[in-house]
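Residue numbers (the numbering used here): 328 to 484. We treat Cβ as the ideally placed atom computed from N, Cα and C, and that holds for glycine.
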Amino acid sequence: AEQAHTHTIELVSFDEYKAAYKKSSVAQHMQRDLIDILERKLALPSGKNIELWGVRNTEGQIIAGTGILYSPTHLSSAREAPFVTKDALHSGVATALMEHWFTRSQQRGMQLAVSTHFWQPGEPKRWRGFSQFKSRFGFSYVAYPPLLWRFVRGKIF
Numbered sequence: 328a329e330q331a332h333t334h335t336i337e338l339v340s341f342d343e344y345k346a347a348y349k350k351s352s353v354a355q356h357m358q359r360d361l362i363d364i365l366e367r368k369l370a371l372p373s374g375k376n377i378e379l380w381g382v383r384n385t386e387g388q389i390i391a392g393t394g395i396l397y398s399p400t401h402l403s404s405a406r407e408a409p410f411v412t413k414d415a416l417h418s419g420v421a422t423a424l425m426e427h428w429f430t431r432s433q434q435r436g437m438q439l440a441v442s443t444h445f446w447q448p449g450e451p452k453r454w455r456g457f458s459q460f461k462s463r464f465g466f467s468y469v470a471y472p473p474l475l476w477r478f479v480r481g482k483i484f
């Protein structure tokens, strides 16, 4: 496990990840969509390429987390359902998780780190903070056409 000051970054189970995620501001803003999508992705054969990382405080609680989906085919990685609990908003653990994602991706031979969901005019203003945070890490913004969502048995996949 990697140290983040007084916190530890470690692999966690989905149940532990989901319980902590539900306490986050992301869960309040996005309802359960992201965690439900992550759960379905983990159930797929490609789910073996997803790692769930949590930041554990000195009391043993998960206070932040990120899922990392690796694509060996495309030599890329993407964050899935990242979160920070209210108690950890100003602790720097979100930055530590970003650094951890980049380091793990390089260790696994990934050549591209993909961060999605950047705020654009017309989207809810409360999303801007997430985009401002991600913009600090030197990403190149690439605009794509609007997403085409596929509903599978009534669920976004």
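Cβ contact annotation for K350 (same chain, cutoff 7 Å, sequence separation greater than five): T412, in chain order. In terms of CA proximity to H334, Q388 leads the group K345, A405, Y344, Q388.
Counting only runs of 3 or more residues that sit fully inside the region 382–438, the beta strand (DSSP E) segments are 389–398, 403–411, in chain order. Contact check for I377 against G392 fails: the beta carbons are separated by 7 Å or more. Taking the Cβ atoms as the reference, P409 lies roughly 7 Å from L424, within the contact range of under 8 Å. For the set K452, E366, T422, the Cα lying nearest the Cα of L379 is the one of E366. Across the set K345, L439, Y344, the C-alpha of L439 shows the shortest separation from the C-alpha of L402. Residue nearest to V382 within the set L416, Q433, E450 is L416 (criterion: CA-CA distance). In the structure shown, the three-state DSSP call for V353 is helix. In terms of Cβ geometry, V441 and A405 form a close pair [threshold 7 Å]. Annotated three-state conformation of E343 is helix, per DSSP.
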